[in-house]
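Chemist:
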Amino acid sequence: MSPLYDGSNGDGWFSVFVIVPVIGLVIWGLNTFWLHRLKKGDMDYSPEGFRKRARIFAIILAAVLLGVPLLAALLLWNRH
3 MSPLYDGSNG
13 DGWFSVFVIV
23 PVIGLVIWGL
33 NTFWLHRLKK
43 GDMDYSPEGF
53 RKRARIFAII
63 LAAVLLGVPL
73 LAALLLWNRH
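In this text, residue positions in the sequence shown follow my numbering: the first is 3, and each later residue adds one.
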């Protein structure tokens, strides 16, 4: 059995103590990164800059939306 599996009678403490803090750290890290770039003057406010950031964001979002279900499926498959 996977150590990440909370069990059928689990009460969700894995989510509380692992998943929520990880999401918080990711948001904090991205915020720090963008604020650092803003203070350095590296932010591009032109329409091309917004499009470039939107493409990067879309790629990251697609990777997360595809990666999380695949990871969950892998963990569930690994249980058997």
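Glycine included, each C-beta is placed from N, C-alpha and C at the ideal position.
In this text the structure is predicted, and so the values were computed from the model without any measurement.
Taking the straight line between their C-alpha atoms, what separation do you get for F35 and R55?
Modeler: Going from the Cα of F35 to the Cα of R55 covers about 13 Å.
Chemist: How would you write the range of the alpha helix (DSSP H) that I84 sits in, first residue to last?
Modeler: The chain is shown only over 3 to 82; residue 84 falls outside these bounds and no answer can be derived.
Chemist: Three-state secondary structure (DSSP) at G43?
Modeler: Correct three-state label for G43: coil.
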